[in-house]
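One structure is given here, and the rest of the page talks about it.
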Amino acid sequence: MTGWELAYDGFDPTQEGVRETLCTLGNGYFATRGSATEATDDGVHYPGTYVAGCYDRLPTEIEGRVLEHEDLVNAPNWLPLTWRVAGEDWIELAKMEILSYRRALDLRRGILTREMRIRDARGRTTHVTDRRLVHMGEPHLAALEVVLTAEDWSGPVEVRSALDGRVENRGVARYRRLASQHLVPVDARSLDEDTMLLEVRTVQSGIGIAVAARTHVYEDGQRRTCQVRKSSRAGYVAHELAFVLEAKRPVTIEKVASLYTSRDWAISTPGLAASETLAVTPAFDALVESHVLAWDQLWRSFDIGLETDGRDEASVVASAVILRLHVFHLLQTVSHNSVDLDTGVGARGLHGEAYRGHVFWDELFVFPLLNFRAPDITRALLLYRYRRLPSARRAASAAGYRGAMYPWQSGSDGREETDKIYFNPRSGRWIADCTHLQRHVGAAIAYNVWQYYQVTGDRKFLGDAGAELILEIARFFASLARHDPRFDRFEIRGVMGPDEFHSAYPDADQPGLDNNAYTNVMAAWVLWHAREVLELLPRDRRRELCERLALGPDELARWDAISRKLRLHFVDGGVLAQFEGYDRLVELDWDAYRKRYGNIQRLDLILEAEGDSPNRYKASKQADVLMLFYLFSAEELCALFERLGYPFDSSTIPRTIDYYLRRSSEGSTLSRIAHAWVLARADRTGSWELCKQALIGDVADIQGGTTREGIHLGAMVGSVDLLQRCYTGLELREDVLWINPRLPESMRRLELLVRYRGHTLGLAITRDTVEVSGERSDIPTMRIAIRDTVYELKAGERRVFPLPPPKYK
Numbered sequence: 000m001t002g003w004e005l006a007y008d009g010f011d012p013t014q015e016g017v018r019e020t021l022c023t024l025g026n027g028y029f030a031t032r033g034s035a036t037e038a039t040d041d042g043v044h045y046p047g048t049y050v051a052g053c054y055d056r057l058p059t060e061i062e063g064r065v066l067e068h069e070d071l072v073n074a075p076n077w078l079p080l081t082w083r084v085a086g087e088d089w090i091e092l093a094k095m096e097i098l099s100y101r102r103a104l105d106l107r108r109g110i111l112t113r114e115m116r117i118r119d120a121r122g123r124t125t126h127v128t129d130r131r132l133v134h135m136g137e138p139h140l141a142a143l144e145v146v147l148t149a150e151d152w153s154g155p156v157e158v159r160s161a162l163d164g165r166v167e168n169r170g171v172a173r174y175r176r177l178a179s180q181h182l183v184p185v186d187a188r189s190l191d192e193d194t195m196l197l198e199v200r201t202v203q204s205g206i207g208i209a210v211a212a213r214t215h216v217y218e219d220g221q222r223r224t225c226q227v228r229k230s231s232r233a234g235y236v237a238h239e240l241a242f243v244l245e246a247k248r249p250v251t252i253e254k255v256a257s258l259y260t261s262r263d264w265a266i267s268t269p270g271l272a273a274s275e276t277l278a279v280t281p282a283f284d285a286l287v288e289s290h291v292l293a294w295d296q297l298w299r300s301f302d303i304g305l306e307t308d309g310r311d312e313a314s315v316v317a318s319a320v321i322l323r324l325h326v327f328h329l330l331q332t333v334s335h336n337s338v339d340l341d342t343g344v345g346a347r348g349l350h351g352e353a354y355r356g357h358v359f360w361d362e363l364f365v366f367p368l369l370n371f372r373a374p375d376i377t378r379a380l381l382l383y384r385y386r387r388l389p390s391a392r393r394a395a396s397a398a399g400y401r402g403a404m405y406p407w408q409s410g411s412d413g414r415e416e417t418d419k420i421y422f423n424p425r426s427g428r429w430i431a432d433c434t435h436l437q438r439h440v441g442a443a444i445a446y447n448v449w450q451y452y453q454v455t456g457d458r459k460f461l462g463d464a465g466a467e468l469i470l471e472i473a474r475f476f477a478s479l480a481r482h483d484p485r486f487d488r489f490e491i492r493g494v495m496g497p498d499e500f501h502s503a504y505p506d507a508d509q510p511g512l513d514n515n516a517y518t519n520v521m522a523a524w525v526l527w528h529a530r531e532v533l534e535l536l537p538r539d540r541r542r543e544l545c546e547r548l549a550l551g552p553d554e555l556a557r558w559d560a561i562s563r564k565l566r567l568h569f570v571d572g573g574v575l576a577q578f579e580g581y582d583r584l585v586e587l588d589w590d591a592y593r594k595r596y597g598n599i600q601r602l603d604l605i606l607e608a609e610g611d612s613p614n615r616y617k618a619s620k621q622a623d624v625l626m627l628f629y630l631f632s633a634e635e636l637c638a639l640f641e642r643l644g645y646p647f648d649s650s651t652i653p654r655t656i657d658y659y660l661r662r663s664s665e666g667s668t669l670s671r672i673a674h675a676w677v678l679a680r681a682d683r684t685g686s687w688e689l690c691k692q693a694l695i696g697d698v699a700d701i702q703g704g705t706t707r708e709g710i711h712l713g714a715m716v717g718s719v720d721l722l723q724r725c726y727t728g729l730e731l732r733e734d735v736l737w738i739n740p741r742l743p744e745s746m747r748r749l750e751l752l753v754r755y756r757g758h759t760l761g762l763a764i765t766r767d768t769v770e771v772s773g774e775r776s777d778i779p780t781m782r783i784a785i786r787d788t789v790y791e792l793k794a795g796e797r798r799v800f801p802l803p804p805p806k807y808k
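Now the structure itself:
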């Protein structure tokens, strides 16, 4: 890694899947994995193109049951462009001597380049360079160019450019027993000597997908005339171009593609839109220019600058590059091109097929970065949840509750997409999946709405959609809670927390846990803030909403009572218990399992294969309780616990952190984000080490093969947010932007840009100062706080504040 580049030297078949994922190019509308142009799904490579929001549902018979699974569809492959010496086999790297091979991802410009020198069995040496882009400024366009140079030979060459709609969803090995053929051929034909069109539709959802592509050949900057042989069959169309390649005279093959679906706005048919767009699309070099401009504009808002003191320079520089890589993949998954698409935040991006492209609670880790940089994207993604409010209401009603019960996994229409069973590759068994009992996803949605409002002050969104979301989620939690007169407390029973290792009590007949601390505290927070949200609305809107929801004083009074009396449990002298009965679980022999298995991140699969269960042990995939310290400051938690009538002593925070860190397998990529966050004040060195582990999660594929199935977007973006909010101490309270920095010891300076309630601020933070540079704004002033002192800052003003010593160690 150097500067803005992620590069791989040499060709390693065992690492190709990871590299294809990390070299994915996208623009928020669609993305294409970084597979070679000549690659097919052959066990080494896995070409894949995914369109945001393009889902399809298929049935599969498993273990005697017919189950439906909805997938983010692997769309037609626009990449295929390969070549051969006329009359010989098409190029296969496995049959070539690879003299050099390099793949480089230019993060600043959004361009993937591959350069190689290969020698065939007859001793002919060829230099090949290819570049590609998925256009950030024109969301329906992608393009590539391949430059062939015969170093020591001349002869006739054939190039095959194709569009392939015969692809299936086969990118995740454990899903391969599931139905995977989501595309039905509609049309495949040549439009002229240069252009071809492929149209397909999805089986169940009926989404039309069209790709048009144009292929040109150039030599010395001039268009070459080639013999063209056209072919097509169901789901596939190709042009084969023949010409003579002369020694040391490079020839450039350029392919430009246009992709549309029937979900798009303002088109008659996808095929017509794709072909008409392609007809007016300029050549590759012009596309590069406009594409790079779009990325330049994004990086002005999203880049983060780091300076090291030299003691840990290599790791800080590497971390800076990976931070950019993580921002890069965020903006390829969700961008300004996503705003009108009605899509959510896929947990694995648009980079692969793991989790089948579903939307989880990972947006909780994604939205903070977007809130401070591009809040219009957050707003659009929150509307994905609002449009599925009717589905969440139906789910609550069907389960016997009121309000809105959001699913653990969401796809096209907001119904619960969580599997009923999942496959354990260690044991070879299908196991019941109870993760749909994670009711806390609704609390995350309410929290996200509130945080968006805190950053933007967008009362219109709050009145139009945000308040209704929070109120209906609050109503659900209120109906979920049951009063226990023995303790005069409310309880929430039969749920799961974020720690997916615990789904039931040992030897219980039914899944679910009682009084999960994270769920109960988040429910209390939602019920508390629901009343505050109502007070923020204009009187007329508040009245209309209460009338439409039939929300009266008695129900609000019950919400208030529940928010003050939800039951929590404690262990070991004040440590918040993960759930009721946690203290009765057995301690795990961690050393023995690490010695036996090495990597025990997926301890649940290990134990199941042994005929055991994590339900028996004080062992977490990700510690529920520590998520509360991630989401709330000590001041906010103190207020929450005081409201609940439980003592809160800040001195218990480090003991609680230590208690759960010692009992966590770090089985979730998100756990390192939360754990780095909670350690930031008490153990800066430990926090930075965890942050660096989080940074390399996908780059180093630390989960042993999952990166090839797609990125872990929440962990990627959460690692960037550690610098944006955690190490800067950026917090929103009382209509004040609080800045309370605590930089890691090896970091000398941190620079970033934030947007807050109509103001754009440049922040430059060192160990001794905070420099705030404001741009001109229609809003004359804002309030910021440095440590505990509140200042009024004028629009456009630049000020340097000395940092008094922190009050914590």
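For the sequence shown, numbering that gives the first Met the number 0 gives the first residue as 0, with consecutive numbering after it.
Using N, Cα and C, we set each Cβ at its ideal position, and we do this for glycine too.
Can residue i and residue j be called in contact, C-beta distance under 8 Å?
| i | j | result |
| --- | --- | --- |
| glycine 45 | glutamate 19 | As written in the sequence, residue 45 is tyrosine, which differs from the glycine given in the question. Cβ atoms of tyrosine 45 and glutamate 19: closer than 8 Å. |
| glutamate 352 | glycine 52 | no |
| arginine 495 | cysteine 433 | It is worth fixing the name first, because residue 495 is methionine in this sequence and not arginine. Yes, the pair counts as a contact, with Cβ atoms nearer than the cut-off. |
| alanine 477 | leucine 548 | no |
| serine 274 | leucine 143 | no |
| serine 153 | leucine 80 | no |
| tyrosine 451 | leucine 381 | yes |
| valine 158 | isoleucine 252 | yes |
| threonine 23 | glutamine 331 | yes |
Work out the CA separation of residue j and residue i for me, nearest whole Å.
| i | j | result |
| --- | --- | --- |
| threonine 788 | valine 771 | 15 Å |
| aspartate 263 | leucine 340 | 8 Å |
| glutamate 4 | valine 440 | 36 Å |
| leucine 751 | leucine 368 | 11 Å |
| arginine 797 | isoleucine 376 | 28 Å |
| leucine 297 | serine 334 | 9 Å |
| lysine 594 | leucine 602 | 13 Å |
| glycine 413 | leucine 71 | 14 Å |
| histidine 325 | alanine 622 | 24 Å |
| glycine 456 | glutamate 167 | 45 Å |
| phenylalanine 460 | glutamate 218 | 55 Å |
| alanine 813 | leucine 749 | Residue 813 lies beyond the stretch modelled for the chain, which goes from 0 to 808, so this question has no answer here. |
| serine 390 | lysine 419 | 19 Å |
| valine 183 | histidine 350 | 22 Å |
Which residues in the same chain have their Cβ closer than 6 Å to the Cβ of residue i, if we skip the five residues on either side of it in sequence?
| i | result |
| --- | --- |
| tryptophan 676 | Tyr629, Cys725 |
| leucine 587 | Tyr616, Ala618 |
| glutamate 67 | Arg56, Pro58 |
| valine 43 | Pro12, Glu15 |
| valine 753 | Phe371, Leu760 |
| glycine 717 | Phe364, Ile672 |
For a test of your reading of the model: does the CB of residue i fall under 7 Å from any non-hydrogen atom of the ligand FMN? Yes or no.
| i | result |
| --- | --- |
| serine 562 | In terms of ligand content, the structure shown is empty, and the ligand FMN therefore cannot be addressed. |
Classify residue i: buried if its beta carbon has 16 or more other beta carbons within 10 angstroms, exposed otherwise.
| i | result |
| --- | --- |
| valine 279 | exposed |
| valine 799 | exposed |
| tryptophan 89 | exposed |
| leucine 292 | exposed |
| arginine 64 | exposed |
| alanine 379 | buried |
| alanine 272 | buried |
| leucine 795 | The residue asked about is misnamed: residue 795 is glycine in this sequence, not leucine. The residue is exposed, with fewer than 16 neighbouring Cβ atoms inside 10 Å. |
| threonine 668 | buried |
| arginine 488 | buried |
| valine 585 | exposed |
| isoleucine 472 | buried |
Give every residue of the same chain whose Cβ lies closer than 7 Å to the Cβ of residue i, excluding the five residues on either side of it in the sequence, and list them in chain order.
| i | result |
| --- | --- |
| threonine 651 | Gly573, Val574 |
| glutamate 665 | Gln600, Arg671 |
Could you pull out every residue in the same chain whose Cβ sits closer than 8 Å to the Cβ of residue i, ignoring the five residues on either side in sequence?
| i | result |
| --- | --- |
| glutamine 509 | Gly493, Ala503 |
Would you call the stretch 77–96 in contact with the stretch 106–126, where contact means no fewer than 3 C-beta pairs closer than 8 Å? Contact between the stretch 77–96 and the stretch 106–126 is present, because at least three Cβ pairs lie under 8 Å.
Counting pairs of beta carbons, one from the stretch 188–206 and one from the stretch 141–156, are three or more of them closer than 8 Å? Between the stretch 188–206 and the stretch 141–156, the count of Cβ pairs shorter than 8 Å is below three; the stretches do not touch.
Is the number of C-beta pairs between the stretch 197–212 and the stretch 228–239 that are closer than 8 Å three or more? Touching, yes.
Tell me whether the stretch 759–768 and the stretch 694–712 touch, counting them as touching only if at least three CB pairs, one residue from each stretch, are closer than 8 Å. No, because fewer than three Cβ pairs between the stretch 759–768 and the stretch 694–712 fall closer than 8 Å, the two stretches do not touch.
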